[in-house]
Structure formats: structure tokens, C-alpha cells
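Notes to accompany the following structure.
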Amino acid sequence: MGIRLKKLKGKGTFQRGVHPPGRKEISADKKIEIMPAPGKVILPLLQNIGAPCKSIVKPKQVVELGEKIADSKEFISAAIHSPISGTVLKETTVTLPNGRHVPALPIRGEGTQLDGQNLWDRLYGGEWPKKFDGKFSPTEISDKINEGGLVGLGGAAFPTHVKIAPNPKKQVDTLLINGCECEPYLTTDYRLMVEASEAIISGSILGGIATGAKDIVICIEDNKPEAIQTMQKAAEGTDIQIAALKTKYPQGSERHLIKAVLDRIMPLGQLPADVGVAVSNVGTIAAAAGAVLRDTPLTHRVVSVTGGGIKNPKNLLVLIGTPYGDIIEYCGGLTEDAAVVTSGGPMMGFAFTDFTMPITKGTSGITVLTKKDTKKAKETACIRCGLCVDVCPVNLIPTRLATAARHRDSDLAEKYNITACMECGCCAYTCPANIPLVQLIRMGKVMVIANRKN
Amino acid sequence: MGDLSNIFLNSVFVGNILLAYFLGMCSFVAVSKNIDTAIGLGFAVIFVLTITTPVNWLIYHFLLAPGALSWAGFPDMDLSYLKLVMFIVVIATMVQVIEMMIDRFSAALYSSLGVFLPLIAVNCAILGTSLFMVERNHTFLESTVFGFGSGVGWMLAIVLMAAIRMKLRYADVPKGLEGYGITMIVTGLMAMAFMLFSGITL
Amino acid sequence: MKMIQKIFDSQRKHFEEKGKFRMLHPLFEATETFFFFPGILIKNSPFVRDNLDMKRFMSFVILALIPPSVFGIYNTGWQSCKATGMSLDFSTVFFQGALIVLPLVMVSYAVGFFWEILFASLRKHPISEGFLVTGLLFPLTLPPSVPLWQAAVGISFGVVIGKEVFGGTGRNIFNPALTGRAFLFFAYPTKMSGDSVWVAAGSFAKEAVDAVSSATPLAFSNLAVAGDNIESVLEKVGFTVTKLFLGGYPGSIGGTSALCCLVGAIILVLAGVASYRIIAGGILGVYITGLVLNLFAGPQANPWMALPPFYHLIMGGFAFGIAYMATDPVSAPGMDHVKWIYGFAIGTLTVLIRVFNPAYPEGVMMAILFMNLFSPLLDHIEIKFKLKNRILNV
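Residue numbers (my numbering), protein chains in the order written: chain A, 73 to 526; chain B, 494 to 695; chain C, 732 to 1125.
Have a look at this one:
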């Protein structure tokens, strides 16, 4: 599969990065299954980057599927809707896998739920128009997206209506739809592209209208030929281009995607809009199509449940707020040699042990790794082999950052631009001495930011 | 021309004033913690050396050397026993001038050099260069080049040392050797590496 | 394997925090990891790691050192048998070589390990696999006739002053093996240079060694006077280009065969252990400097000037030095661009020393040591430049 970038300037790849084993075959061919609604969902009130939401329902109130239950007045925030028909219970606190304690609303399911094929048809199935002929104005689209409580489904969970909106100050000329899914193991976006390509195309066109972008490019790594073919077929008759990019981690990072496709450099501290680009995940854009055309808020999402430590790996359409334990049980439970359960993929995911916690809007998968997968040797001294420097996609010097952080040398860490690190994990992946570079750098960042405030 | 460049290369590499003769060690060890300071002090030493060596040459050859005062009618006068005192006076004066200049143009460098700036006056490398210049019978031009070359050699050594010490900043050096101890060991190893050039005859 | 595991498990308590041998914990740990892959589960992201860990890293270096070591044994034996008039059939030669080389290697490992364990126990740092490399590199740089006690002194200096005083593996400034080698060179010059040291006469045939037959190509080249042609001087005594490339002439144990070093270098570069930038930079450095000197060559000039540059690549220890010593990641610069400069300077200095400094026929060792000095500065400059010019990202 060659690099097909017709009119685009980029080279289809970026400098540095790593090639971890993809292991996508574990769940790549599993069709998206619709998981039956659990008895109870727990909805954390902070599921996005930005301001947390406040509950707008009372305990014991009866809510319907899709009813708004929490909202915020802040601009960078996204409303939360009930994924289930039932009764609201008393507000509690949950600890998410990333370690944050957030208030959450549990809802007990009651009565019959929209389920199975009907649910699929409502969210992704059926006909999706490819032409709108001025039916929606840009603000209308972004308002509807806001109303639907959409956030980036790739993992970062940045409120979508902020990105997919007319921006008079910074003119956006290109909309990139990110279907790279560079994280190993995960197949969420891949399955969506194969099974819900129509919705993605429809959403992309709407996104193009909202942002005013002339070019729309769907970016897919070349290890997913089937997705590329399906998307090409679905895009026939539109101006949407499909770009096949070289497989490399972290290709899915906004910054690197923009570099690879458009050859534009997005400096630190700037947003894609500053270089005239909007980037959105394929899952997000499909959900956006639903929010605009069918008024379906973000209540369900697709997650991959994969890895060698799960009995039956699956791709599931689940309710947001479903406890991890229920999902794992639905997939047959863990195998005997399962060692680590992570929320997200193995590179950037977080390990967790409390299976009563719920998945959120940003959970792209559950990866269960076996002991064999995650074994490593003991940490030894750095021998300055420079491998971390060779792979750092943001051009930092991880080993020096880690040394500065280890010795609490805030000035040195700041001098080496520690805050530019995006914690992709390439350095720790490649380090032969098994130095926990990501942890040290994370620690260093906290230290530097605390020092700045003083 | 060839002679001059030989003298220059000789004084920078083969007979590095610091690593071959171990002159100027005190400020070398003390001010090599930071590269920027080391570069500043290095330039100061180059400047002082390039000026004092030829000035001392003039003083020696027209005032102090045996028979130097013949122009004033004292052909038998030999004041060479005064050379140590005279050289130090010249050096001290020059250092004062430089100190004022650095204070005027770069306050940051001035404060980071601290007490070591006036101490250049008693930096053995400076006096040593003047004495070598006498011993080796350099001409005026040669002594200028020699002074400059010695300064460059000294600066090279201290900048290398500063870079090494920055690398060693978080090394796990045994307790008793921290600071000056490890610096002296590194100096020794540096001198060994510089023996690469010993034996080259230019 | 089960039984060994049991022994380790039953003995572990003596070496832990409160056991009676807690001082020797590093030794216990090193022995255990020698037998078993340590199974620590990763607790923090990323949860998958590359397969290249420190053990494999060092194993590749050892693997790459095997060709020059084996050839070194053979060549040492051959030279020795020839000098003492013994038969030249393969097994005798190999046996004779092993008799000379293996004690050196064993002394180097034993003494080096003693220091490594001593420091590891006292300073409570783990025993590093890095020593396995140093302990083999060091004897390969020595002339075969060096007395064993001198090898012990050399490796002691290299390990203690070259590495341990800085806090152990990864913190040193100079390559420990080279530090030890240079120390011996300056401390015992008669045993480390000259014409009579490059062939070990063996322990049971002590006839006088024919000085001419045991001189190295570099020494021969120095015999050439102005107006002579080094190539023909070498040709006369049988050192053709092929012979120089393949090895098989008197010299340091591991350093004679450019071919073996080339094989080793390819292994190292393919495994991602050595930087091709340093090696390519070094070769370029030698070649370009050689060509420039050729421009100044004339009938009155130093005959070295006229030597075709590729002779420099295959003669003496350059190939060994640039492949194994210069690429040592600890003492070389870490940044990509300055690695070229580092390698280039090593090449240039090697040639300049050979041409202009007859006191050191073998310049590459000192050239690498000298450039080790510069690597922190080179790194500093590149990082400074990088931080200044960086558009903070990609």
C-alpha cells in the first residue's frame, strides 16, 4: 500500500517515532457487537478536558435515554446525557484510571432499553446523506454538536464544538479526519471505518461546512487496507480525499498528523487552528453526524476489548458509564496469565485494578496484557545510547529530562523544555536500560509547573 | 609565518599551559562548574595573556635583560633579577583594567566570576607564560602569538572541563571524591589524553 | 533449570536486606539474572517495551567482538609459531594462540570483576553487564607479549579510575578499556611499543625473536625515508593490501584484521548498538585527511604524505578503534550531528598522529581518548543550538 497523497504537501510520515508491534489482529476482524445495557451505569461528571459539569437532575428522578443530566456554563465543556432509561441515584465519587477523583451520577436502568440492531440503526445504521445544499449553517452544526455533548473520542476528550465551529479569527482551510489509530492493540476506529463509513463521510462533510474547510482528508495508516478501501468507496462522489499514511507510532497525534499530511509545523502551545487545520477523530465525526442529523447525543461509544489476557476479544458498542467489570465479564473474563488491565492502549493507557469504575467518553479500549507481554528487565544505569533521542517525536532529550526530574532540578528541566513532552512513551518503550522515563518526566512537569507558580 | 603558526599550535596543544605544565590550576578547578562562566574567564585570560606577554617582552628587553639599558647609557646593567616583580606589576595593572571593563560591559559575567577575576593577577599561567617567553628567547611577535596561544589553550582546557563537569553533575561520585577530588582526577585524565600531542615537533 | 531456581530461592534470604551476606547482594543478583530473565511486571505506561534491553545490548557487542577475538587468537599463535620455528598447522597455531591470549583475557576479567564487585558491594549499585565488554575489549588492544601482571594493573586503572570513581557504568567520561590501555602505554612504554613486543614467543620456546619479522606495518612505514614510497617498502616485506586488510601481521591482539572489524561493525550497526554516524565520520576523516596530505606530498616531504588514504584504514588499529572503541555510547557524544564531527575528528587525528608524531605509531587509541574529552562539549553545543533554533516541536 503506497502513500497516496494527491494534492497534499506532506510526505505521509514524520521524523522519529517507534514501531511497536501492532497486535491489531487480536480484535481486528471482530464485528462490532452491541452489548446489552447493564443494570446500572455510573456517569462521571468530568469526562472532557476543560470545566466539569454540574448535575441538573435530582436523585430518584426518572430519566429517558438521551436526556441531558449534567451541563456546564463554561465554553470548554461538554454536556452529559443519560445512556439509559431509568432512575437517578445518589451522587457518588469515582476514581478514574488516570487517578482523578470525580463526582459521578449513577443511574439504575428500568424498563426496556433500546437494544441490539435497533440501537445500531439509530446511531450508525441506515442512510446518511452526502449533500446538504445549505440545509445547515455552520453555527447550527456546532450548536447541535454542543447540544449532543460531543468530545474527542480518540482519547483526549477535548470538547468537539470548540474545534468543529466557524472560527472568524483563524481561518481553517483543511479538516483532517483522524483514523490513524496508531496505538497498538486498539481497533475501535478501524471497525467504525469499516462498518459505519457512511456516517463518517456524512459527518466529515458537515464538519467541513462548520469549519469552512475547503479540503477534507481522512487519514488512515497503511496497515488498515480494508478501512482505506471502504472509506474510498464511501467517499465516491464527494471531494473527500483519503490519505494512506505510513504506519508509525504516534502518527495519530494531531501535531504529527498535520506534519505528515500537510507538512505544516504546529509550534508548541498553539492549536491546529493556528496553522489553518482542524483535526477530528473518525468516531467523533460519526457521532457528530448523528448529533446533527438525528439529534442523538453522545451516549454510546465503541470500545475494543483486546489483548492476550482476555478470553474473547471483541469490539463492543457500549453505554458510556458501563463499569469495566461488566464489559470484561461480557467478553468472557480474564485469562489466567493476565497481568495488567489498562484503560486505552498499552502505550498511553492507564493501568487500573478497580473494575467497578465506569468507562467514559474518552475510553477508546480496554487492553489486557499477559505477563509475557509486559515483562521487562530491571532498571539499570543510563549508558547514553541515545535511542530515546532518536525516537522522541517532539525532538526532546528524554534522558536529560529524566535526570533533571530525578534530581529535582527544575531549572534544568525547564531549560530542556520539559513541558513540550506529550508523554507518548516512545522513549520508555525503546530504552534498553528500562528507565521509567515517562514517569520521571511526568513528575518533572508537575515540579516545573509548581515552580512557575511560585 | 610558519614559525608563528607552529608556536601557536604548540602552545595550544603540545605544550598546553594547563594540561602539560599544570599552571593556573586554582581558577581552573574553581570556576569550571558552568560553561558560560568558564568561557567568560577563558576570554579574560586570553585577553590578559595577549597583552601582558608582549608588554613584559618590551619591559624585559628594554629595561631588565643584561645589557638592555645600553640605550640609556648603562651597557653593563643587569636588572634581570627584577623581572619577577616587574612582570607581576604589569599583570596586576592589566587585570585591573580588564576588571573595570568587564564590570562596565557585562555585569552578569562580572558577578559570576566574582573573586576569581582579580585573582587572574596571581594566576600562575599568566606569570608562567611571561617567564617561558623569556626562557625560550621569543621575539616580540612570537611572544605575542605565544601569549595568545597559551590563553587559547587555557580556555580550551577550562571549557572542556566545564562541559565534563556538567556531564558529571548528576554522576554518582563516591563521597570523598565529590567536587575537587573528581575534578583533579579528570584533570589528570585530560592531561593523559593531551599527551596525544607530546613528541610532535613543530 | 528448576533445580537452579530452587537454589536461588533458598539462598535469597541471605542476600536480602537483613541477611548475613547482604554486602554481596549485587553479586547474587548478577548471578541470578545470568541464569534467568528477570520478570518484573511493568507498572507504568507504556506497558509494552522494545526487546532491546541492556543484556541484549551488551550481548551484541560481545557477539561483534567474537570475529576479531578468534582471529586474534589464531594470528597471535601464527606469529608466535613462525617466530619460534614451530610447525604452522592449524591446531598447533590455534593452541599456541589460545595459550597466549586466553590468560590475558582471564586476568582481565578476573581482576576487573574483582573491582566491579568490590565497588558494587560497597556502593550498592548493581553489577553492570557493561563490564563484560570492557573486560574483553581491553586485552584485545594489548600487544600479545605483555606480562600478565601489567594487564592486571592496566585493567585495574581502567575500571577504577576510568569508571568506578565516576559512579560506575554510564557515568564515565573516558572509555575504561582505553584509559587502562593508555595508562599502560605511558607507564610501561617498553612493553607496549617498539618492535619486539608484537609477537609473543610463547612460554616454551624462548629463542630470540627476529626483530624484523615482528615489526608492525606502521613500524615498517616509519623506516621509509624521504623519497621512499611506503607502499613499496611494505610490499617488499610482504605486506600487500590484501594482507593488511585480512590481518595476519604482527600487531595488537584484536586489531590486525580490518575484515573482522568490518564484520563486527556491521553487526553493531545493524543491531542498533553502534552509531553508523561515528563509523562513517571516522572513515571519511581518515580518507579526506589522507587525500589532503597527498596534495602536499613531494619527493622531499615525509613519505607518509604520499600514502594512499585507504592504507590508513586497513593498517594498525584504526579499524578496531573506530568500530568498537569510538562507538562506545557512554564516552561518545549522544547527539546525532556532532557524532559526525566526533568520528571525523578521530579519523583526522589518527592520520595526523601517524604522519607527524613518530613517537606514537598507533594514534587511534589516543585520538579516541582525546575526542572522548570533547564529547560533553560537543553535546553541549548541539543541545544549545537545538534549544535556540527549535520551533518547539516536530
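We treat Cβ as the ideally placed atom computed from N, Cα and C, and that holds for glycine. Quantities reported herein were computed from a predicted structural model and do not represent experimental measurements.
Residue range of the unbroken beta strand (DSSP E) whose run includes residue i
i: A:LYS112; result: 112-116
i: A:SER352; result: 349-353
i: A:ILE106; result: 104-106
i: A:LEU389; result: 386-391
i: A:LYS140; result: 140-143
i: A:ARG373; result: 372-378
Where residue i meets chain B, residues with beta-carbon distance less than 7 Å
i: C:TYR1091; result: GLY692
i: C:ALA913; result: MET685
i: C:ILE1084; result: LEU689
Beta carbon proximity, residue i to chain A, threshold 7 Å
i: B:TYR663; result: yes
i: C:ARG780; result: yes
i: C:GLY843; result: no
i: C:ILE773; result: yes
i: C:PRO1060; result: yes
i: C:GLY1065; result: yes
i: C:LEU696; result: Limits of chain C in this structure are 732 at one end and 1125 at the other, which puts residue 696 of chain C out of reach.
Residue i, enclosing alpha helix (DSSP H) - first and last residue
i: C:ILE904; result: No alpha helix (DSSP H) contains C:ILE904, which DSSP labels as neither H nor E.
i: B:ILE539; result: 528-552
i: A:ARG524; result: 509-525
i: C:TRP1071; result: 1067-1087
i: A:GLU499; result: What sits at residue 499 of chain A in the sequence shown is Cys, not Glu. Taken as a continuous stretch (DSSP letters only), the alpha helix (DSSP H) holding A:CYS499 covers 498-502.
i: C:VAL1023; result: 1007-1027
Contact with chain C by residue i, beta-carbon distance below 7 Å
i: A:ALA229; result: no
i: A:ILE455; result: yes
i: A:VAL520; result: no
i: B:LYS660; result: yes
i: B:VAL615; result: no
i: A:THR85; result: no
i: B:ALA656; result: yes
i: A:VAL412; result: yes
Residues bridged to residue i (per DSSP)
i: A:ASP291; result: One point to set straight first is that residue 291 of chain A is Cys, not Asp, in the sequence displayed. A:ASN250 and A:ALA315.
i: A:ALA410; result: A:THR442
i: A:VAL160; result: A:ILE179
i: B:VAL638; result: Beta-bridge pairing links B:VAL638 to no other residue.
i: A:TYR321; result: A:VAL90
i: C:LEU772; result: A:LYS447
i: A:HIS23; result: Nothing in the structure corresponds to residue 23 of chain A, since chain A is present only between 73 and 526.
i: A:ILE382; result: A:LEU406
i: A:SER415; result: A:PHE422 and A:ILE438
Amino acids of chain B, ordered along the chain, whose beta-carbon sits closer than 8 Å to that of residue i
i: A:THR452; result: Chain B residues near A:THR452: none, gap ~13 Å exceeds 8 Å.
i: C:MET1097; result: ALA686, MET688 and LEU689
i: C:ARG854; result: ASP665 and PRO667
Short CB-CB distance (under 7 Å) between residue i and chain B
i: C:ARG902; result: yes
i: A:HIS479; result: yes
i: A:THR471; result: no
i: C:GLY898; result: yes
i: C:HIS1111; result: yes
i: C:ALA936; result: Low local confidence applies: a pLDDT of 39 at C:ALA936 is under 50, so the model's placement there is unreliable, with the coordinate-based value given in what follows. Taking Cβ atoms only, chain B never reaches closer than 7 Å to C:ALA936, which makes this a no.
i: A:THR475; result: yes
Proximal residues of chain A, C-beta to C-beta of residue i below 8 Å
i: C:LYS786; result: ALA449
Within chain C, partners of residue i - CB distance below 8 Å
i: A:MET419; result: SER776, PRO777, PHE778 and VAL779
i: B:ALA561; result: Within chain C, no residue comes near B:ALA561; the closest Cβ sits about 38 Å away, beyond 8 Å.
Interface partners of residue i on chain D, CB under 7 Å
i: C:ASN906; result: Included in the structure are the protein chains A, B and C, with no chain D among them.
Interface partners of residue i on chain C, CB under 9 Å
i: B:ILE675; result: VAL896 and PHE897
Closer than 7 Å at the beta carbon, the chain C residues around residue i
i: B:VAL679; result: ILE904
Meets three-Cβ-pair contact criterion under 8 Å: the region 372-389 of chain A and the region 301-315 of chain A: Counting Cβ pairs under 8 Å, fewer than three are found: no touch.
The region 910-925 of chain C touching the region 858-873 of chain C, judged by at least three CB pairs closer than 8 Å: Yes, since at least three Cβ pairs between the region 910-925 of chain C and the region 858-873 of chain C fall closer than 8 Å, the two stretches touch.
Stretch pair the region 753-762 of chain C + the region 528-543 of chain B: three plus CB contacts closer than 8 Å: Contact fails between the region 753-762 of chain C and the region 528-543 of chain B, because fewer than three Cβ pairs, one in each stretch, are under 8 Å apart.
Cβ contact (3+ pairs, closer than 8 Å) linking the region 132-142 of chain A and the region 160-180 of chain A: Touching, yes.
Stretch-stretch touch, CB-based, cutoff 8 Å, three pairs: the region 114-126 of chain A with the region 220-238 of chain A: A contact exists between the region 114-126 of chain A and the region 220-238 of chain A.
Touching by the beta-carbon criterion (3+ pairs, under 8 Å), the region 366-384 of chain A and the region 289-307 of chain A: The region 366-384 of chain A, when compared against the region 289-307 of chain A, does not touch it at the 8 Å Cβ threshold.
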